[in-house]
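When you read off a place in the sequence shown, starting at 1, and then add 1147, the result is the number in the numbering used here.
Using N, Cα and C, we set each Cβ at its ideal position, and we do this for glycine too.
These notes concern the structure reproduced below.
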Amino acid sequence: MLQLLRRSWILALLWIVPACQAPLGAARELRVASYNIRHGEGLDRRVDLERTAAVLASFDADVIALQEVDVGVRRSGGVDQPQELAQELERLTARRYHASFGEFMPHDGGRYGMAVLSRLPIHGARPVRLPDGNEPRVALAVDVELADGTLITAICLHFDWVDDDTFRFAQAQALAAFVSELRTPWILVGDFNDGPQSRTLALLRELGAELEKRGPDGAPATGHDRFTFSSDAPHKEIDYVLAGSPPDSANFWDLSAGLHVLDEPLASDHRPLLGLLRWRPKAPAERRTQEPGSL
1148 MLQLLRRSWI
1158 LALLWIVPAC
1168 QAPLGAAREL
1178 RVASYNIRHG
1188 EGLDRRVDLE
1198 RTAAVLASFD
1208 ADVIALQEVD
1218 VGVRRSGGVD
1228 QPQELAQELE
1238 RLTARRYHAS
1248 FGEFMPHDGG
1258 RYGMAVLSRL
1268 PIHGARPVRL
1278 PDGNEPRVAL
1288 AVDVELADGT
1298 LITAICLHFD
1308 WVDDDTFRFA
1318 QAQALAAFVS
1328 ELRTPWILVG
1338 DFNDGPQSRT
1348 LALLRELGAE
1358 LEKRGPDGAP
1368 ATGHDRFTFS
1378 SDAPHKEIDY
1388 VLAGSPPDSA
1398 NFWDLSAGLH
1408 VLDEPLASDH
1418 RPLLGLLRWR
1428 PKAPAERRTQ
1438 EPGSL
């Protein structure tokens, strides 16, 4: 409990410095989180969805992308994990969360895949079939409505994990083809299973921009503050958030608040991410001339 209270206090402070860097204007804010929950199994080998939900509740996030999620699987008690987590979040936060599930494959009497939880209205969800790797893979694209009625597409992903990046890159190519056809603003959120200098990340950065990871003081993160795996001995950066929008959009994603890796050493083998994005109107000059790097 003390750890969760401490995390909540830190999260309340994370945005103070970035928020002072640019006026809000008419921007719409979106708090987005990503967490590979390992079907609710912590490093103590206990499957504990109440513990997972308590971690998720501490994010105060609008949209949460979850990887390694079970539905009806024996190893995790046969429950529908997205629905269970949504219900527990509602109990903890007094806010209703909607749940969508994307199936990779049948597993151990049930289904294994990923989920998106949203306290904003969901107007549709669809799996995006990716090339198979060591296991079957999909991405989960969910259309979410912001407070002003703007529809965005939140895409949860979990690329192949083997050392050879051939499968991963093929999956990234397929996802890039899907994203390039979107007519809505979009975010890519999840476990990319590849490093920041990889060709996988380079390909997806051609479509949009990556939220910069920041340390507790708001400065660009280095070392430990960037690493997302493993949770008890962080040494790899493999989880990210990217964002983009159609070139003719009258708005753009303001990513100045950045992304934070949260120090949760027990509930899963990954550390969670929490980011703040602002969907902001372009200035008149920006609407006439698309600036390089505009999102």
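Judged by beta-carbon spacing, Phe1306 lies within the 9 Å limit of Gly1280, meaning their Cβ atoms are closer than that value. The residue from Val1263, Ala1349, Val1216 with its alpha-carbon nearest to that of Gln1320 is Ala1349. The continuous alpha helix (DSSP H) containing Thr1199 extends over residues 1196 to 1206. For Glu1237, the uninterrupted alpha helix (DSSP H) run begins and ends at 1228 to 1240, by DSSP.
Contact holds between the region 1256 to 1263 and the region 1206 to 1222, because three or more Cβ pairs, one in each stretch, are under 8 Å apart. A distance below 6 Å between beta-carbons, with the five flanking residues on each side excluded, links Pro1268 to the following residues of its chain, in chain order: Glu1292. Check the Cα spacing between Tyr1182 and each of Arg1258, Ala1323, Phe1376, Leu1402: the tightest is with Phe1376. In the three-state scheme derived from DSSP, where H, G and I count as helix and E and B as strand, Gln1318 is classed as helix. Closest in C-alpha terms to Asp1217, from the list Gly1370, Gly1391, Leu1232, Leu1203, comes Leu1232. Residue state for Arg1178 is assigned as strand, using DSSP reduced to three classes. Between His1382 and the set Ala1356, Arg1352, Pro1343, Ala1366, the nearest pair of CA atoms involves Pro1343. Look at Thr1347 here: in three-state DSSP terms it is helix. If only uninterrupted beta strand (DSSP E) runs of at least 3 residues are considered, those enclosed by the region 1247 to 1302 are 1257 to 1265, 1269 to 1277, 1284 to 1292. Following the DSSP letters along the chain, one finds Glu1215 inside the beta strand (DSSP E) bounded by residues 1210 to 1218.
Taking C-beta atoms under 8 Å as the contact rule, Leu1421 and Leu1409 qualify, at a distance of about 6 Å.
For Asp1290, the closest C-alpha among the options Ala1366, Leu1304, Ala1368, Arg1273 is that of Arg1273. By alpha-carbon distance to Leu1304, the top candidate from Pro1412, Val1336, Leu1351 is Val1336. When the beta-carbon positions are compared, Trp1400 and Ala1368 stay at least 9 Å from each other.
Per DSSP, the unbroken beta strand (DSSP E) holding Val1336 starts and ends at 1333 to 1338.
Counting along the chain, the unbroken beta strand (DSSP E) around Val1388 starts and ends at 1386 to 1391. Boundaries of the beta strand (DSSP E) harbouring Leu1420: 1420 to 1428, taken from the DSSP string. Taking C-alpha positions only, Phe1314 is separated from Arg1284 by approximately 10 Å. The Cβ atoms of Gly1219 and Gly1249 do not sit closer than 9 Å to each other.
With fewer than 16 other Cβ atoms inside 10 Å of its own Cβ, Val1309 counts as exposed. For Val1309, no beta strand (DSSP E) run applies, since DSSP gives it neither H nor E. Rounded to the nearest whole angstrom, the CA to CA distance from Glu1384 to Val1202 is 20 Å. DSSP places Ala1323 in the helix class (H, G or I) of the three-state scheme. For Asp1401, the secondary structure class from DSSP, reduced to helix, strand or coil, is strand. Contact between Leu1406 and Arg1361 holds: CB atoms are separated by about 7 Å, below the 8 Å threshold.
Bounds of the beta strand (DSSP E) holding His1407 are 1406 to 1408.
In this structure Val1388 does not touch Leu1322 by the C-beta definition: roughly 14 Å separates them, more than the 8 Å allowed.
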